[in-house]
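So for the sequence shown, the UniProt record's numbering puts the first residue at 1; every next one is plus one.
For each residue, glycine too, the CB sits at the ideal point set by N, CA and C.
No experiment lies behind these values; they were computed from the predicted model shown.
See below for the structure under consideration.
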Amino acid sequence: MQEVKKPRKPLIYYYVIVLLVLLLFNFLAMPWIAQRQIREVDYGTFMDMAENREIGEVEVQQEDNQIIFTDKEGTVYKTGMMPDADLTQRLYDSGAKFSGEIIQQADPLLSFLLTWVLPIVIFVAVGQLLYRRMVKNAGGPNAMSFGMGKSNAKIYVKSSGGIRFSDVAGEDEAKENLSEIVDYLHNPDKYKKIGASMPKGILLVGPPGTGKTMLAKAVAGEANVPFFSMSGSEFVEMFVGMGASKVRDLFRQAKEKAPCIVFIDEIDAIGQKRDGRAGGNDEREQTLNQLLTEMDGFEENTGVIILAATNRPESLDPALTRPGRFDRRVPVELPDLKGREEILKVHAKKIHLEEGVDFSQIARMASGASGAELANIVNEAALRAVRAGREYVTQADLEESIEVVIAGYQKKNAILTDQEKKIVAYHEIGHALVAARQKNSAPVQKITIVPRTSGALGYTMQVEEGNHYLMSQEELENKIATLTGGRAAEELVFHSASTGASNDIEQATKLARAMITRYGMSKDFDMVALETVNNQYLGGDASLACSAETQTEIDRQVMELVKKQHRKAEQILAADREKLDQLAAYLYEKETITGEEFMNILNSRSSIHRDAPEKYVCRGETSDV
Ligand code: ADP
Numbered sequence: 001m002q003e004v005k006k007p008r009k010p011l012i013y014y015y016v017i018v019l020l021v022l023l024l025f026n027f028l029a030m031p032w033i034a035q036r037q038i039r040e041v042d043y044g045t046f047m048d049m050a051e052n053r054e055i056g057e058v059e060v061q062q063e064d065n066q067i068i069f070t071d072k073e074g075t076v077y078k079t080g081m082m083p084d085a086d087l088t089q090r091l092y093d094s095g096a097k098f099s100g101e102i103i104q105q106a107d108p109l110l111s112f113l114l115t116w117v118l119p120i121v122i123f124v125a126v127g128q129l130l131y132r133r134m135v136k137n138a139g140g141p142n143a144m145s146f147g148m149g150k151s152n153a154k155i156y157v158k159s160s161g162g163i164r165f166s167d168v169a170g171e172d173e174a175k176e177n178l179s180e181i182v183d184y185l186h187n188p189d190k191y192k193k194i195g196a197s198m199p200k201g202i203l204l205v206g207p208p209g210t211g212k213t214m215l216a217k218a219v220a221g222e223a224n225v226p227f228f229s230m231s232g233s234e235f236v237e238m239f240v241g242m243g244a245s246k247v248r249d250l251f252r253q254a255k256e257k258a259p260c261i262v263f264i265d266e267i268d269a270i271g272q273k274r275d276g277r278a279g280g281n282d283e284r285e286q287t288l289n290q291l292l293t294e295m296d297g298f299e300e301n302t303g304v305i306i307l308a309a310t311n312r313p314e315s316l317d318p319a320l321t322r323p324g325r326f327d328r329r330v331p332v333e334l335p336d337l338k339g340r341e342e343i344l345k346v347h348a349k350k351i352h353l354e355e356g357v358d359f360s361q362i363a364r365m366a367s368g369a370s371g372a373e374l375a376n377i378v379n380e381a382a383l384r385a386v387r388a389g390r391e392y393v394t395q396a397d398l399e400e401s402i403e404v405v406i407a408g409y410q411k412k413n414a415i416l417t418d419q420e421k422k423i424v425a426y427h428e429i430g431h432a433l434v435a436a437r438q439k440n441s442a443p444v445q446k447i448t449i450v451p452r453t454s455g456a457l458g459y460t461m462q463v464e465e466g467n468h469y470l471m472s473q474e475e476l477e478n479k480i481a482t483l484t485g486g487r488a489a490e491e492l493v494f495h496s497a498s499t500g501a502s503n504d505i506e507q508a509t510k511l512a513r514a515m516i517t518r519y520g521m522s523k524d525f526d527m528v529a530l531e532t533v534n535n536q537y538l539g540g541d542a543s544l545a546c547s548a549e550t551q552t553e554i555d556r557q558v559m560e561l562v563k564k565q566h567r568k569a570e571q572i573l574a575a576d577r578e579k580l581d582q583l584a585a586y587l588y589e590k591e592t593i594t595g596e597e598f599m600n601i602l603n604s605r606s607s608i609h610r611d612a613p614e615k616y617v618c619r620g621e622t623s624d625v
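See the structure below:
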């Protein structure tokens with residue numbers, strides 16, 4: 001229910017317009033107006049008027065070769081000059097007054113209005129306009145008020161559209177944690193009697209799209225209390241102090257409406273660490289200070305609970321997270337297998353499904369997906385069903401929409417040459433075969449060489465059966481070997497490399513680097529952390545924390561590790577060349593094969609292979625050939 005606002009035009013825009021209008025006015029309009037008031041007459045008329053003593057003032061403009069004069073009423077006239085030796089004497093005799101600035105005096109009132117009053121009026125009008133816009137943006141004439149019906153600053157919803165805990169699937173720990181708050185809001189006396197006080201603030205932390213906002217709304221829904229919701233960025237205004245007064249007002253309103261819940265989304269927008277640097281963001285710091293003061297200001301057990309959400313908890317100011325303010329932290333993590341299945345089921349309630357859809361299979365395929373992504377997958381599947389003219393969603397729709405999320409839509413008109421298609425087929429079978437021939441690999445679910453809009457020309461999907469929380473060194477090494485399998489197959493069969501392995505190379509290097517710098521899986525470095533992860537919930541980029549020499553050594557070891565696994569993949573494929581050819585030919589013809597078909601061919605005849613592979617997640621092993 002976020003309203004869409006027109007982008008604000010910067011101030012300078014208005015001032016430039018005003019300046020242009022004034023310049024145009026002075027350069028074009030003023031001379032024109034002045035000209036318009038002068039009547040041009042012939043020299044004879046001038047002479048007659050002089051004769052009849054009708055001239056009031058006169059100005060002889062030698063350089064422009066003209067005479068400007070007025071009659072007794074003040075009307076201005078103009079005439080050209082003639083060679084006339086007695087002109088001055090004649091004018092003198094006629095009683096005319098010699099003047100130097102007739103035009104300027106033409107209408108003193110008008111010129112005063114035009115040159116002084118009009119610009120001021122324009123400036124004042126623009127100022128008013130700007131002020132109104134600002135007030136409007138800040139939320140109505142009473143700029144700092146939060147309330148029903150006023151513009152953007154507030155969203156005040158009584159019991160927040162009925163979202164309940166049952167609508168939030170998975171996240172059992174978070175729900176358990178928050179249901180205590182609900183209980184408190186229902187029976188505060190129970191807590192007061194024993195002397196327990198509720199945390200003032202609760203911080204929901206987790207990756208984007210895991211249901212933090214939903215959980216906050218569900219708390220309000222369950223407790224049936226008013227719910228104030230604001231995003232951290234809405235506090236930060238153009239002028240220093242506006243944010244702080246918004247905070248003050250929010251808390252004043254909240255106290256009036258207690259018991260209630262105040263939810264601040266993306267709190268990192270105002271709650272970032274104050275680094276004390278000169279020229280920092282004054283507005284943000286003032287807003288944060290005000291928030292801290294307000295949180296200290298209200299008594300415990302007033303019935304105002306503050307929930308806040310962030311996906312960058314490490315960037316928050318320690319003053320904000322200390323006990324007494326946001327003293328409870330509720331992690332809202334990516335859902336596990338069971339959670340994913342439940343989320344899919346919750347969202348599937350809204351669509352028509354064919355009988356017997358296997359949600360656990362879909363959940364397994366969508367490993368690593370957040371709640372929001374799962375909701376999107378279900379919707380994509382429904383859209384696909386509509387496109388196909390069906391009235392219900394099938395298992396295939398759901399599976400295809402996962403692939404759309406991983407690798408984009410199928411490219412209908414990408415035309416690969418025969419040779420390219422062959423290379424892609426060998427590449428993908430290379431991955432799958434290396435995975436299948438190693439211990440501890442997730443089973444292959446699907447192999448396809450249909451190009452996708454993400455640029456992938458094919459991919460091999462491996463799906464694990466259950467949850468997998470730990471990975472051993474061997475599993476990680478096998479994964480690297482699997483990633484190098486595509487290129488190894490190309491080299492083995494075509495004796496050349498293609499650009500298709502770029503994504504594999506990136507992933508393999510990332511894994512190898514993490515093994516050495518973060519997981520302590522290198523003998524030389526033992527258990528020394530060489531890298532720190534910065535944004536745990538937002539991509540998890542890492543920064544090195546070691547000397548330049550160590551970095552060189554890390555690079556060397558990463559290279560060695562990847563090379564070793566690449567050699568291993570080559571050996572596996574060389575030893576199984578016959579199967580490689582057979583499978584690649586099959587894939588070339590069919591374009592998409594299931595894991596079952598793959599295993600059937602692999603196990604046909606008496607080809608010896610090791611134990612049935614165990615499973616691990618290898619989501620979206622796309623190879624953008
Ligand atoms: P966040 O605040 O963590 O970024 P939201 O709460 O805004 O995420 O979730 C976005 C959308 O994702 C929700 O509207 C909902 O459709 C879906 N979603 C996320 N998590 C869940 C969940 N646990 N159960 C059901 N739907 C979920």
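Contacting residues, own chain, Cβ-Cβ under 6 Å from residue i (five flanking each side not counted)
i, result
"lysine 251", "Note that residue 251 is phenylalanine in the sequence shown, not lysine. Excluding positions up to five away in sequence, the list reads Glu294."
"alanine 569", "Val434, Ala481, Thr484, Gly485 and Ala488"
"alanine 542", "Glu531 and Val533"
"glutamate 73", "none"
"serine 160", "With a pLDDT of 48 at serine 160, under the threshold of 50, the modelled position of that residue is not reliable, and no figure is offered here."
"tyrosine 616", "For tyrosine 616, the predicted structure reports a pLDDT of 29, less than 50, and the residue's modelled location is therefore unreliable. A value from the coordinates is still provided. Closer than 6 Å at the Cβ level, and outside the excluded window around tyrosine 616, lie Ala442, Glu464, His468 and Glu475."
Assumed close pair residue i, residue j - CB separation to whole angstroms, cut-off 8 Å
i, j, result
"residue 651", "aspartate 268", "No information on residue 651 is available, as it lies outside the stretch 1 to 625 that the chain covers here."
"leucine 334", "valine 378", "With 8 Å as the limit, leucine 334 and valine 378 do not qualify as a contact, their Cβ atoms being about 17 Å apart."
"threonine 321", "leucine 203", "7 Å"
"isoleucine 554", "threonine 517", "6 Å"
"valine 76", "isoleucine 38", "5 Å"
"leucine 416", "valine 424", "7 Å"
"leucine 602", "alanine 436", "6 Å"
"histidine 352", "tyrosine 392", "4 Å"
Own chain, CB closer than 7 Å to residue i, minus 5 neighbours either side, in chain order
i, result
"glutamine 290", "Ala244, Val247 and Arg248"
"glutamate 589", "none"
"glycine 100", "Glu59"
"alanine 432", "Val444, Ile447, Thr460 and Phe598"
"proline 323", "none"
"arginine 53", "Ser94 and Gly95"
"leucine 292", "Ala319, Leu320 and Arg325"
"residue 627", "This structure cannot speak to residue 627, because the chain is shown only from 1 to 625."
Option nearest residue i by Cα separation, candidates the options
i, options, result
"glutamate 171", "Ile429, Leu353, Pro331 and Ile572", "Pro331"
"tyrosine 15", "Ile67, Gly127 and Ser111", "Gly127"
"glycine 201", "Gln253, Asp265 and Ile343", "Asp265"
"phenylalanine 263", "Leu292, Glu222, Ile306 and Gly241", "Ile306"
"arginine 577", "Tyr77, Phe494, Ile415 and Ala258", "Phe494"
"threonine 310", "Asp71, Gly271 and Leu337", "Gly271"
"alanine 319", "Glu51, Val124, Lys273 and Arg340", "Lys273"
"isoleucine 67", "Glu73, Gly74, Lys78 and Ala385", "Lys78"
"glycine 195", "Ser360, Tyr184, Leu203 and Leu204", "Tyr184"
"serine 231", "Glu222, Thr213, Leu470 and Met242", "Thr213"
"leucine 374", "Ala385, Val346 and Glu391", "Val346"
"leucine 113", "Ala501, Gln61, Tyr131 and Asn26", "Asn26"
"residue 626", "Leu130, Met81, Ile402 and Glu51", "No information on residue 626 is available, as it lies outside the stretch 1 to 625 that the chain covers here."
"asparagine 65", "Gly80, Glu57 and Gly56", "Gly80"
"cysteine 260", "Leu292, Val304, Leu288 and Asp282", "Val304"
"serine 360", "His352, Ile351 and Glu342", "Glu342"
"proline 207", "Pro313, Leu470 and Val41", "Pro313"
"serine 547", "Ala396, Arg328 and Phe525", "Phe525"
"arginine 90", "Asn376, Met47 and Met559", "Met47"
8 Å CB neighbourhood of residue i in its chain, flanking five on each side removed
i, result
"alanine 545", "Ala529, Leu530, Glu531 and Thr532"
"aspartate 296", "Gly324 and Arg325"
"threonine 592", "Lys446, Ile447, Thr448, Ile449 and Val450"
Any chance you could list the beta strand (DSSP E) runs of at least 3 consecutive residues sitting entirely within the stretch 241-280, in chain order?
Runs of the beta strand (DSSP E) inside the stretch 241-280: 260-265.
Unbroken beta strand (DSSP E) runs of length 3 or more, entirely within the stretch 431-467: which are they?
Under the rule that a run must span 3 or more residues, the beta strand (DSSP E) segments found entirely inside the stretch 431-467 read 444-448 and 458-462.
In chain order, what are the residue ranges of uninterrupted beta strand (DSSP E) at least 3 long that sit wholly in the stretch 315-377?
Segments of the beta strand (DSSP E) lying fully in the stretch 315-377: 326-331.
What residue ranges within the stretch 470-555 form continuous alpha helix (DSSP H) runs of no fewer than 4 residues, ordered along the chain?
Fully enclosed alpha helix (DSSP H) runs of 4 or longer: 473-494 and 502-517.
What beta strand (DSSP E) runs, 3 residues minimum, are completely inside the stretch 571-597?
Runs of the beta strand (DSSP E) inside the stretch 571-597: 592-594.
Which runs of the beta strand (DSSP E) spanning at least 3 residues fall entirely within the stretch 56-84, listed in chain order?
List check, beta strand (DSSP E) in window: 66-71 and 76-80.
Write down every uninterrupted run of the beta strand (DSSP E) in the stretch 149-228 whose length is 3 residues or greater and which is fully enclosed by it, in chain order.
With a minimum length of 3 residues, the unbroken runs of beta strand (DSSP E) contained wholly in the stretch 149-228 fall at 156-158 and 201-205.
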